[in-house]
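Written below as structure tokens is the structure these notes are about.
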Amino acid sequence: MLDEEYEDAAHKLSNNDQNVYCLGSVAGHNVVIGCLPAGRIGTNSAAAVATQMQAAFKGIRFGLMVGIGRGVPSANADIRLGDVVVSQPQESFSGVVQYDFGRKTPNGLERFGSLNSPPQILLSAVGTVQANAMVRKSTLLDHLSSLECISTFQRRNAGPDLLFKAAYSHKHSDTCDQCSSESRESRPKRKSGAEVTVHYGTIVSGNQVMKDAAERDRVSAELGGVLCFEMEAAGLMNSFPCLVIRGISDYADTHKNYKWQAYAAGTAAAYAKELLSAIPAADVMNTSRAEEAMPRGNKRCSSPSSPNQAYNKRRKTGVSSSLESGFAEQQAIHLQEPSRMLLNNEQRKSLLDSLKFEQIDARQMTIKNAHARTCRWLLKSEQYLSWLDSSKVSEHHGFLWIKGKAGTGKSTLMKYALVNARKTMKDHIMLSFFFNARGEDIEKSTTGTYRSLLLQLLERRPALQTVFGSLGISLLNFSADHWWNIEALKTLLEQAIRSLGDSPVVCFIDALDECEEGQVRDMIQFFEHMGDLSVSNGICFQVCFSSRHYPYITIRNGLELVLEGQEGHSQDITNYVETELKIGKSKAAQQIRAELQEKASGIFIWVVLVVGMLNKELDCGYVHTLRRKLREIPSDLHELFRDILTRDTHKKAELVLCIQWILFAKQPLSPEQLYHAILSGVHPEEVVEWNPEEITKDVVKRFILNSSKGLAEATVSMEQKVQFIHESVRDFLLKENGLGKIWPEYENNFQGQSHD
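All residue numbers for the sequence shown refer to numbering that gives the first Met the number 0, where the first residue is 0 and numbers rise by one.
Here it is as structure tokens:
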């Protein structure tokens, strides 16, 4: 379940420490794993292991007790073998109760004393996991699938799941083959069809193995209903802040089942990984160390002396040396507080380079510069000026959100604002990211966002690269795509910005609607946290978002600027039409311009397309038909795309092929590649060897322009790629089923035919 194992780290720290440890990382958290000695079970063994672990790793925040348990099926809890049970506080108990600890009386055992509840950070994570399960976003089975390659952990090798009546005892044999089938409980298949169900409630712990179904049910009834029995948790709860996670391997009866133990251990481990993935690294850093969180009176075992002495004498090489810096004094079971490893320049450069990815700024580079006399109004708008006013941070927390319909020119406006800010705000650190729905997955993900922002910040302020030292990662076999996860990136970005003190950071993030909604929600939460720090801690951080209208994502504080209805935005369209529509300045021309602007409803891309269409009419000498032509053009953007694509059937085959290649090619094509791809499909006999003197870049450009009817273009970059002129074209063709509406014959298998 480790994302990375620190293989050359010391697994045993000193002769005084009887534990053997495995070190690694899960979901961006540093993890240390220790096991109970073989054959040594019970609460005392568990307490000894935990105490030595805390002494060896001073920075431990909390623990997870992960293993197998014995289930208690009931009418209220349909527990099956392989299910997971998690210790969650109930009305009467804290999540774990020691059932065999107390004073014997004539009326039975009088239990006394109480055990601590799991720490709040773990209970909050449990709530997150429960919420994810409700909306079918659980990742437990995904993590469990990583064990499928090991036969021991495969469910099919565990055998049948048999529950016998409480009064029926096992017949002496290694299996239940000789047990009466008539004594089995009849249980229907689960309606949910779930392979593994997670149950939350009370876990019973003690030093004796529970293997009597009648006694099992009696104790459960006495305690108000419990979920499972186990033998270690009671030794931990008052000396170690932790959560207990058990995979069910049998039913606490005489029918003990060893075959299910491996699979049950696997399901518990998979849940543990899902839980850790739900905990933000920043929250861990704000959590007290385990030894500080527990009252001194609760310590049951003395700590071994000098746990690191023998380890410190070892020869320090490679990752072991680096790990010592990160673990020796500030070690953590999940994520240590930011004690910095000492990385050399080469290591820092390696980590910095690992943040990079292809096309990291491709979208920003392909956005055309604002047309002359446009976008200037933004710099004087009330919302923008208020956002820049540091005295008003307590009101808006550094947030500005620019919203508008598809095609209104948000990205152009954002690029203009960014370029202007870089020129006029020299004392500010400018960061930016432009989501790209037409790019690779990382170009439209928040992982890509954080990697880009962090890279820009650390390149502009090299001294901040020391934050890498808080990672505690192995640089051997380091893989950026494997290791850089959301939580680690957020933690580093926050640490770096905090380290800047009062140096102001301004961030522009464009096209949030081109990223998956769940990722956007998480990112908004992170930036809200940063905004809170701007108010409470005095850091100078501002962020400007742009997106289509998001009626379902809101922020607690912030300013909103809606493009539709902005006088400056309307004037931008007026300026563009006056400059680009070549019809002179007559009264009739002014009427056409006015009608065009009114019909545009603020959609800039609509204006650009329609101006181009009208200019084409003018070039053909049809000045007398302009007003009629304008009235025939649909005012809706998607209807305009439909009109453009169906205006005539001239060269339909080229058009269809062009759209197929742009939509469904495995990767974006260069203009030359698309040229030959279309030609090979329409006129294969005319495909000739590439001759730059005959087939010039201008020839290719005009061919693509005509084949796509003006809806595709080559990017303005070193390595040109062909894309649609706007994301709304792709939306129309795919999301609005424009393909099926225009060409019904392709509706059912347009993509399949494209792949053929």
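Think of the CB as a built atom: it goes at the ideal place given N, C-alpha and C, for glycine as much as any other residue.
Predicted model only: the values in this text are computed from it and were never measured.
In this structure the region 175–193 does not touch the region 265–282; the number of beta carbon pairs closer than 8 Å is below three. Cα atoms of residue 0 and residue 726: separation of roughly 39 Å, rounded to the nearest angstrom. Nearest Cα to residue 257 within the set 624, 159, 284: 159. The residue among 645, 398, 707, 718 with its C-alpha nearest the C-alpha of residue 743 is 645. With respect to the C-alpha of residue 391, the residue from 429, 464, 557 having the closest C-alpha is 557. Here the alpha carbon of residue 532 sits roughly 13 Å from the alpha carbon of residue 492. Around the Cβ of residue 652, a 10 Å sphere holds fewer than 16 other Cβ atoms; the residue is exposed.
Looking at the DSSP output, residue 246 sits in a beta bridge with 67, 83. Taking every protein chain shown into account, the CB of residue 627 has fewer than 16 other CB atoms within 10 angstroms, so this residue is exposed. Straight-line measurement puts the Cα of residue 373 at about 16 Å from the Cα of residue 599. A distance below 8 Å between beta-carbons, with the five flanking residues on each side excluded, links residue 668 to the following residues of its chain, in chain order: 660, 661, 676, 720, 721. In the pairwise beta carbon analysis, the region 557–573 is classified as not touching the region 693–702: fewer than three pairs are separated by under 8 Å.
Residue 205 places its beta carbon 8 Å or farther from that of residue 81. In the three-state reduction of the DSSP assignment, residue 657 falls in the helix class.
Using a Cβ-Cβ distance cut-off of 8 Å, the region 440–458 and the region 355–366 are in contact, since at least three pairs of beta carbons, one from each stretch, lie closer than that value. Here residue 431 is bridged, per DSSP, to 507.
Residue 72 is classed as buried because its beta carbon has at least 16 other beta carbons within 10 Å across all chains shown. Taking C-beta atoms as the reference points, residue 63 and residue 48 fail to come closer than 8 Å. The beta carbons of residue 567 and residue 380 sit closer together than 8 Å. Excluding the 5 residues flanking it on each side, residue 514 has same chain C-beta neighbours closer than 7 Å at 434, 443, 444, 445, in chain order.
Fewer than three beta-carbon pairs drawn from the region 524–531 and the region 423–441 are found closer than 8 Å, and the two stretches are therefore not classed as touching.
Fewer than three Cβ pairs drawn from the region 225–241 and the region 136–148 lie within less than 8 Å of each other, which leaves the two stretches out of contact.
Here residue 210 is not near residue 164, since their CB atoms are 8 Å or more apart. Membership of residue 89 in any beta strand (DSSP E) is not indicated, and neither H nor E is assigned to it by DSSP.
When beta bridges are read from the DSSP output, residue 400 appears opposite 544, 559. Taking a 10 Å sphere around the C-beta of residue 464, we find 16 or more other C-beta atoms and assign the residue as buried. Rounded to the nearest whole angstrom, the CA to CA distance from residue 664 to residue 671 is 14 Å. Counting along the chain, residue 218 sits inside the alpha helix (DSSP H) bounded by residues 212–221. Beta-bridge analysis with DSSP links residue 32 to 21.
When C-alpha distances from residue 587 are compared across 618, 622, 459, 115, the shortest belongs to 622. Secondary structure at residue 183: strand, using DSSP grouped into helix, strand and coil.
Its Cα nearest to that of residue 519, the residue 449 stands out among 495, 449, 501, 55.
For the 8 Å CB-CB criterion, residue 265 and residue 42 do not form a contact. For residue 202, the secondary structure class from DSSP, reduced to helix, strand or coil, is strand. Spanning the alpha carbons of residue 51 and residue 40 requires a straight line of approximately 16 Å. The shortest CA-to-CA distance from residue 565 to any of 707, 409, 485 is the one to 409.
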